[in-house]
Amino acid sequence: MVPDAGTALHLEGLAGAGPRLRQAVAAVRRVEPTAPELFQLLAAACSHATLLGDDITLHELAWRPTPRPAGRAPPSRWPSPSATPPSRS
Numbered sequence: 586m587v588p589d590a591g592t593a594l595h596l597e598g599l600a601g602a603g604p605r606l607r608q609a610v611a612a613v614r615r616v617e618p619t620a621p622e623l624f625q626l627l628a629a630a631c632s633h634a635t636l637l638g639d640d641i642t643l644h645e646l647a648w649r650p651t652p653r654p655a656g657r658a659p660p661s662r663w664p665s666p667s668a669t670p671p672s673r674s
């Protein structure tokens, strides 16, 4: 469904592709959280929501919880305070 919406966008413009973009976003919402292609589909659905100007759906998709392997903490986006900066040689 997602590739069809992207193709429609290029061929028909935003006005013609709007319904297909909404269908594609709805289909991605139904994808199992363990599906191997989840991240690619979420990226496409976020792009579609942006094109549609649907900020609420974009936020929901971008912050959709995804499973993590047991015993692993999510990666930190910030270095630890004790980390030393890399040397510039």
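In our numbering, the protein residues as written are 586 to 674.
Glycine is no exception: its CB is placed at the ideal position from the N, C-alpha and C atoms.
Contact annotation: residue 596 and residue 633 have beta-carbon atoms that are not nearer than 8 Å.
A buried status is given to residue 602, since no fewer than 16 other beta-carbon atoms sit within 10 Å of its beta-carbon. Under the 10 Å beta carbon count, residue 647 is surrounded by fewer than 16 other beta carbons and is classified as exposed.
In the DSSP assignment, residue 630 falls within the alpha helix (DSSP H) that extends over 623-637.
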